Every structure is written in structure tokens, then in C-alpha cells.
Amino acid sequence: MESTDVMVREMVRKRHRRRRTLLVSLVAVVVVAAAALVGAGLVRAGNTEPGRAPDRVPALATDDKAGLVASTGGIRIDVYLDYLCPECRNTEKALAAELETLKADGDVSVVHHPVTFLDGRSSPEGYSTRAAAAAACAADRGRFEQYSAVLFDEQPPEGGPGLSEAQLIAAGREAGITGDTFANCVRDATYTPWVTYVSDVAASRKVALTPTVMVNGDRVEVTGPDAAAALTRAVGEARG
Numbered sequence: 100m101e102s103t104d105v106m107v108r109e110m111v112r113k114r115h116r117r118r119r120t121l122l123v124s125l126v127a128v129v130v131v132a133a134a135a136l137v138g139a140g141l142v143r144a145g146n147t148e149p150g151r152a153p154d155r156v157p158a159l160a161t162d163d164k165a166g167l168v169a170s171t172g173g174i175r176i177d178v179y180l181d182y183l184c185p186e187c188r189n190t191e192k193a194l195a196a197e198l199e200t201l202k203a204d205g206d207v208s209v210v211h212h213p214v215t216f217l218d219g220r221s222s223p224e225g226y227s228t229r230a231a232a233a234a235a236c237a238a239d240r241g242r243f244e245q246y247s248a249v250l251f252d253e254q255p256p257e258g259g260p261g262l263s264e265a266q267l268i269a270a271g272r273e274a275g276i277t278g279d280t281f282a283n284c285v286r287d288a289t290y291t292p293w294v295t296y297v298s299d300v301a302a303s304r305k306v307a308l309t310p311t312v313m314v315n316g317d318r319v320e321v322t323g324p325d326a327a328a329a330l331t332r333a334v335g336e337a338r339g
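Below, the structure is given as C-alpha cells:
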């Protein structure tokens with residue numbers, strides 16, 4: 100009887116040890132996954148189709164109204180960025196020169212998608228939308244990429260209010276935008292419906308993380324040590 104009790108206790112001990120090992124493994128997986136998303140923008144990717152595109156869209160919007168065309172060519176590069184996403188800031192800086200070179204080659208279509216996945220990470224909520232809508236106003240003045248660079252240079256920390264309306268307007272001057280049209284567009288939040296639509300379309304296409312860069316629909320790893328080289332390789336492969 101005593102030996103049976105010992106056997107039972109040993110079985111229970113082994114079972115508890117297996118459960119602890121499994122729990123530790125699951126926690127480790129969650130921690131690694133969370134660490135991989137530090138500095139990135141994450142959103143749910145939905146199966147539902149976005150609503151109808153707004154009637155008013157910025158200059159050089161794509162035919163489907165879900166992006167902004169920076170150049171035209173046979174190879175398409177789609178760039179999804181959120182202005183509150185720290186990793187997007189790194190990617191924008193890492194790819195800026197290479198994108199200019201590729202555009203100069205004349206065979207790539209660069210399409211920008213300013214998304215608003217991190218709206219909930221500002222206080223009050225909504226900075227990603229305000230910044231993206233202001234960038235759309237800059238697109239009307241032909242200065243989208245220049246304005247985007249300024250926004251990333253002055254990127255506020257997550258958890259705060261973000262740049263104020265006055266600061267978003269001042270960023271336009273830094274990007275070379277003059278006149279009152281841009282300022283009025285920012286004050287009126289003219290393109291808020293449009294950036295919401297862009298974000299909904301992105302989510303419906305399973306773009307759930309920023310930054311996301313695609314070449315002819317295939318994702319390119321741009322968060323590594325040499326994002327520009329990764330993009331160059333992907334474009335070279337697309338050229339055949």
C-alpha cells in the first residue's frame with residue numbers, strides 16, 4: 100500500500116511538472132511575439148469589405164482611392180505607414196533615398212498608404228488620423244513625401260496627445276508648403292473620411308502591421324538591418 104502511494108505521488112508530481120513546462124513555454128511564446136511588435140503598429144485584419152470610398156480624395160489618389168501614387172511604372176511598390184509608429188519612422192528614413200532612386204529609374208509605381216492603426220495609442224485618441232489627414236492635405240500641394248518626412252522627424256511619443264493642429268500646419272511650412280489652402284484643409288479635417296477608408300481597405304487586405312512594404316503584392320522584410328537592400332533585391336527579382 101505504501102509503495103502504491105509513492106507511485107501515485109510520483110505520477111502527480113510528473114504531471115504538475117509537465118503542466119509547468121507547458122505554461123512556461125506558452126508564456127515565452129507570448130513574450131517573444133510581443134517583443135517582435137515593439138515599435139510597430141498593429142491592427143485587426145478583417146474579412147469585411149470597407150464601406151464606399153468618400154467622394155473627396157487627395158490629389159494623385161489611386162483608381163481604387165486607397166493610396167497615393169508617387170510614380171508610375173510596371174513594378175508596384177506599396178508602402179503602409181502610421182505616423183505614430185516608431186518602426187515606421189525608421190523604415191521611412193531607411194527607404195527614402197532608395198525609393199527616390201527607384202522612381203528615377205522609371206519602371207516602378209510607388210503607392211503610399213497612410214493608415215491609422217495606432218489611433219488608440221495617443222491621448223486623446225486620434226493622432227494617427229489627424230496626422231494622416233494632414234499628410235493628405237500636403238498631397239494636394241504636391242508635397243506628400245516631404246511632409247511625411249517632417250512628421251516622422253517630429254514624431255511624438257506614444258501615449259501623448261501628438262502634434263497639435265498648429266504644429267501640423269507648421270510642419271507644412273517646413274515641408275515647403277505655402278499659402279492658406281493647406282492650413283484650411285488641416286483645420287477642416289478634410290480628409291479624415293479618406294484616411295479611415297484607406298485604413299479599412301488595408302485591413303481588409305490583411306495588412307495588419309506597420310510598416311508593411313510590398314513589391315507586386317509580395318511582402319518585403321523592411322525591419323531588418325538593411326531595409327533598402329531588401330527592397331532593392333525584391334525589385335530586382337520582380338524585374339526578372
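Count along the sequence shown from 1, add 99, and you get the number used in the working numbering.
For each residue, glycine too, the CB sits at the ideal point set by N, CA and C.
Remember, predicted model here, so these are calculated numbers, not experimental data.
- Relative to residue 304, the option among 293, 291, 318 whose CA is nearest is 318.
- Per DSSP, residue 182 is not a residue of any beta strand (DSSP E), being assigned neither H nor E.
- Of the candidates 186, 153, 222, 152, the residue whose Cα lies closest to the Cα of residue 326 is 186.
- Judged by DSSP secondary structure, residue 318 falls within the beta strand (DSSP E) whose first and last residues are 317–319.
- For residue 156, the CB contacts under 6 Å within the same chain, skipping 5 residues up- and downstream, are 164, 293 in chain order.
- Sixteen is the threshold: when 16 or more other Cβ atoms of the shown chains lie within 10 Å of the Cβ of residue 191, as they do, the residue is buried.
- Around the beta carbon of residue 277, fewer than 16 other beta carbons lie within 10 angstroms, which makes this residue exposed.
- Residue 273 and residue 206 have their C-alpha atoms roughly 30 Å apart.
- Under DSSP, residue 311 forms a beta bridge with 179.
- Around the beta-carbon of residue 229, 16 or more other beta-carbon atoms lie within 10 Å, marking it buried.
- Shown here, residue 208 sits in a strand according to DSSP, grouped into three states.
- In the structure shown, the three-state DSSP call for residue 334 is helix.
- Apart from the 5 residues on each side of it in sequence, residue 270 sits with its Cβ closer than 8 Å to the Cβ of 233, 246, 249, 250, 253, 262 in its chain, given in chain order.
- Residue range 279–286 is occupied by the alpha helix (DSSP H) that includes residue 279.
- Per the coordinates, the alpha-carbon of residue 203 lies some 15 Å from the alpha-carbon of residue 338.
- Of the residues assessed, residue 265 falls on the exposed side of the cut-off, its CB having fewer than 16 other CB atoms within 10 angstroms.
- Assignment of residue 292 by DSSP, reduced to helix, strand and coil, places it in the helix class.
- Contact check for residue 214 against residue 168 fails: the beta carbons are separated by 8 Å or more.
- Listed in chain order, the non-local C-beta contacts of residue 189 below 6 Å within the same chain number zero, local neighbours out to five positions each way being set aside.
- Residue 224 and residue 260 have their C-alpha atoms some 8 Å from each other.
- The three-state secondary structure of residue 268, taken from DSSP, is helix.
- Distances from the CA of residue 287 to each of 193, 184, 255, 235 were compared; the closest alpha carbon is that of 235.
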